[in-house]
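Heads up, the thing below is written out as structure tokens.
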Amino acid sequence: MKKVIVAVMALGMLMAGVVQSAEALHNPGGTGGVESLRGASEIETTRAADPMKRYPRDQGVIDSDYVYQPPLIPHTIRNYEVSQNANKCLACHSWKNAKDMGATKISVTHYQSPRQGQVLSDVSPSRYFCLQCHVPQADAKPLVGNDFQRVDALR
Ligand code: HEC
Ligand code: HEC
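Residue numbers for the sequence shown, in my numbering: 3 to 157.
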């Protein structure tokens with residue numbers, strides 16, 4: 003009797019193993035079936051880089067979809083450093099340089115302290131990292147569907 007039980011258990015374990023390896027065949031990467039919107043890649047493989055996005059030059063700034071939207075950036079920003087040491091954006095967009103560079107100057111909100119709204123004498127630290135809010139207008143396919151509608155006042 004003991005032998006029969008041992009044999010049944012062994013068979014059971016063997017079957018479980020078969021099921022597991024069938025799953026491994028189905029999903030050889032070991033990603034556990036998890037896939038992001040950009041696709042799945044295994045930890046040990048280096049995925050090929052996505053192609054560079056195109057930033058169409060002559061389309062102007064795309065209109066806002068809601069009030070107080072940070073305007074999109076209508077030009078490429080490749081190699082524009084924004085760091086502790088330098089802010090390339092301000093070389094054109096600061097109040098001092100905007101006119102000479104023919105760029106839109108940052109609005110007064112960028113000089114306001116987020117605490118009590120006092121107007122500071124220079125760009126507020128909370129507005130220093132421009133790309134937190136402004137993104138370039140890329141010719142990119144949306145990753146997910148979207149039926150967002152522009153607010154009535156701007157239609
Ligand atoms: C060499 C000068 C230059 C630099 C550097 C620059 N810009 Fe611009 N930017 C412009 C000009 C000029 C325009 C006006 C539209 C145009 O001609 O492309 C503009 C337009 C914009 C606009 C649209 C403003 C509007 O009228 O609604 C935004 C937002 C913007 N830039 C953000 C940035 C950010 C963020 C950076 C840094 C990553 C940056 N820019 C760096 C010159 C510059
Ligand atoms: C916290 C978010 C935020 C950050 C950071 C920020 N902006 Fe803005 N920006 C906005 C919003 C929101 C608007 C539109 C409303 C307004 O003018 O305040 C705007 C407007 C602008 C405009 C258009 C102004 C106009 O009069 O039409 C320019 C140009 C601009 N930002 C450039 C910059 C640059 C350059 C930086 C970095 C030094 C920067 N912004 C950082 C949110 C931000």
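We put the beta carbon where it would ideally sit given N, CA and C, even for glycine. Remember, predicted model here, so these are calculated numbers, not experimental data.
- Here the stretch 104-120 makes no contact with the stretch 82-89; the two share fewer than three CB pairs at distances below 8 Å.
- Separation of the CB atoms of Pro72 and His136 is rounded to 5 Å, and the pair is thereby assigned contact status at 8 Å.
- Of the candidates Val36, Asp52 and Pro53, the residue whose Cα lies closest to the Cα of Ile45 is Val36.
- With contacts defined by Cβ atoms closer than 8 Å, Ser128 and Tyr113 do not form a contacting pair.
- In the DSSP assignment, Lys101 falls within the alpha helix (DSSP H) that extends over Ala100 to Met103.
- Of the other Cβ atoms in all chains shown, fewer than 16 fall within 10 Å of the Cβ of Leu39; this residue is therefore exposed.
- Within the same chain, Cβ atoms closer than 8 Å to the Cβ of Gly62 are found at Pro76, the five residues on either side in sequence being excluded.
- Ranked by how close their Cα comes to the Cα of Arg152, the residues Pro144, Cys91, Asp65 and Ala93 have Asp65 in first place.
- Excluding sequence positions up to five before and after Ser96, its CB lies within less than 8 Å of the CB of Lys107, Ile108 and Val125, all in the same chain and listed in chain order.
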